[in-house]
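One structure is given below, encoded as structure tokens.
Numbering (the numbering used here), first residue to last: 11 to 338.
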């Protein structure tokens, strides 16, 4: 009797093992087939979207399948975070050069599709001097919400009723490997460029320069104003380096009344709404690209004005006395 039981057990275990090998073989076959098709993690919906150039595309098949991408969410009527984050991401775009559109793709998705037509998105892209490889997109509200939820970016509030509440996280990822990273668009542009250009390629793309930590320069000691300029203003302005998205600010304290300059830094959107002549002139002169309201504290505004004033004095430029702002 015991021999019969042992014989049955051996046959049962042998059959179970064979079934396991067969299942594993089928699983590996599916894994290899999906890998060959360019994706190991095909779980995105193929949502239909429209680009800023009016082209209809599918979110998965056309935009992210098998690609290294960055994805953020904006709306073109935004007066604070969206212009600021787009300007910061433009620094990343410039650092990556012609790789954007070739093996790295950048996408900005509107959370205000009722207003953000392809024409509005195209105008927004032109204001920021965006070239190939960075695509601005719109879709139905429910579809945009599904994309955000997929990346864990949905908010408790309804951002479509109030776009100011939209999520400003930045998603970086390699769809083929399933590696996704959530960062802020206001992170160091060099660090973001390294993630997109090197880390997400699993080290398969060589970095141009790899140096030892011992060669790292000592971090400069920055004043509060210098730090604010570097982190909040440098994406659009220089001090003596020429115009970029906005005017070169070298000499700005020799042309603008201090009180006017402080208020312009504090609430540029309000000044444009009120029809301030100089604010409107600057707005029209720079492609109607409004300076964002950075929600700065009074002490931060004061620190920035002080930094700009000192920068002019160091170059022998004399700031104008109060009440002498000029329309140029």
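The C-beta atom is built at its ideal place from N, Cα and C for all residues, glycine as well.
message: Need the endpoints of the beta strand (DSSP E) that residue 67 sits in, please.
response: The residue labelled residue 67 in the question sits at position 57 within the chain shown. Its beta strand (DSSP E) spans residues 66-68.
query: Which first and last residues belong to the alpha helix (DSSP H) in which residue 132 is found?
result: Counted from its first residue, the chain shown places residue 132 at position 122. Element bounds for residue 132: 128-137.
message: Quick check on the burial criterion: 16 or more other C-beta atoms within 10 angstroms. Buried or exposed for residue 247?
response: For this step, residue 247 is matched to residue 237 along the chain shown. Answer is buried; the Cβ neighbour count reaches 16.
- request: In angstroms with no decimal places, state the Cα-to-Cα distance between residue 76 and residue 184.
  value: As a working mapping, residue 76 is identified with position 66 in the chain shown. As a working mapping, residue 184 is identified with position 174 in the chain shown. Distance between the alpha carbons of residue 76 and residue 184: 7 Å.
Straight-line Cα distance separating residue 79 from residue 234: Numbered from 1 along the chain shown, position 224 holds the residue referred to as residue 234. Numbered from 1 along the chain shown, position 69 holds the residue referred to as residue 79. Taking the straight line joining both Cα atoms gives about 34 Å.
DSSP three-state assignment for residue 117, whether helix, strand or coil: For the purposes of this step, residue 117 is taken as residue 107 along the chain shown, with counting starting at 1. If DSSP states are grouped into helix, strand and coil, residue 117 belongs with the strands.
- prompt: Relative to the alpha-carbon of residue 186, which residue among 205, 74, 274 has its alpha-carbon at the smallest distance?
  reply: Locating residue 186 in the chain shown gives position 176, counting from the first residue. Among 205, 74, 274, the Cα nearest to that of residue 186 is on 74.
query: Any contact of the stretch 125-132 with the stretch 141-161, i.e. 3+ C-beta pairs under 8 Å?
result: yes
- prompt: When the Cβ atoms of the stretch 320-334 are set against those of the stretch 267-276, are three or more pairs found closer than 8 Å?
  reply: yes
query: Enumerated in chain order, which unbroken segments of the alpha helix (DSSP H) with a length of 4 residues or greater are wholly contained in the stretch 243-295?
result: 268-276, 278-283, 287-295
- request: Return helix, strand or coil for residue 112, following the three-state DSSP convention.
  value: Counting from one through the chain shown, the residue named residue 112 turns up at place 102. Coil.
task: Just the C-alpha distance for residue 208 and residue 311, rounded to the nearest angstrom, thanks.
output: In the chain shown, residue 208 corresponds to position 198, counting from 1. In the chain shown, residue 311 corresponds to position 301, counting from 1. Those two C-alpha atoms are separated by around 37 Å.
task: Pull up the distance between the alpha-carbon of residue 182 and that of residue 59, whole angstroms please.
output: The sequence position of residue 182 within the chain shown is 172, counting from 1. The sequence position of residue 59 within the chain shown is 49, counting from 1. Each residue's Cα considered, the two are about 19 Å apart.
message: If you reduce the DSSP assignment to three classes, tell me which class residue 98 lands in.
response: For the purposes of this step, residue 98 is taken as residue 88 along the chain shown, with counting starting at 1. DSSP places residue 98 in helix when its eight states are reduced to three.
- prompt: For the beta strand (DSSP E) that contains residue 80, what are its first and last residues?
  reply: Position 70 of the chain shown, counted from the start, is the residue given in the question as residue 80. Taken as a continuous stretch (DSSP letters only), the beta strand (DSSP E) holding residue 80 covers 78-84.
- prompt: Straight-line CA distance for residue 220 to residue 94?
  reply: Taking the first residue of the chain shown as 1, we reach residue 220 at position 210. Taking the first residue of the chain shown as 1, we reach residue 94 at position 84. Reliability fails at residue 220, whose pLDDT of 49 lies under 50, so the model's placement of it is uncertain and the value that follows must be treated cautiously. Taking the straight line from one Cα to the other gives about 30 Å.
query: What residues in its chain sit with their C-beta under 8 Å from that of residue 232, if we drop five residues either side in the sequence?
result: The sequence position of residue 232 within the chain shown is 222, counting from 1. Cβ neighbours of residue 232 beyond the five flanking positions: 240.
- prompt: Can at least three beta-carbon pairs, one atom from the stretch 61-72 and one from the stretch 95-102, be found at a separation below 8 Å?
  reply: no
message: Give me the residue from 126, 302, 155, 288 with the minimum Cα distance to residue 244.
response: Your numbering for residue 244 matches position 234 in the chain shown. For the residues 126, 302, 155, 288, the minimum Cα distance to residue 244 belongs to 302.
field: Proximity of residue 85 and residue 56 at Cβ, strictly below 7 Å
entry: On the chain shown, position 75 is the one that residue 85 refers to. On the chain shown, position 46 is the one that residue 56 refers to. Cβ distance not < 7 Å, so residue 85 and residue 56 don't count as in contact.
field: Chain-order list of residues whose beta-carbon lies under 6 Å from that of residue 205 (same chain, five-residue window excluded)
entry: Position 195 of the chain shown, counted from the start, is the residue given in the question as residue 205. If we look at residue 205 and ignore the five residues flanking it on each side, its Cβ neighbours are 182.
task: Could you tell me whether the stretch 311-320 touches the stretch 273-281, where touching means 3 or more Cβ pairs closer than 8 Å?
output: yes
- prompt: Could you give the C-beta distance for residue 260 and residue 250, rounded to a whole number, given that I count them as a contact under 8 Å?
  reply: Locating residue 260 in the chain shown gives position 250, counting from the first residue. Locating residue 250 in the chain shown gives position 240, counting from the first residue. Contact flag correct, Cβ pair sits at about 4 Å.
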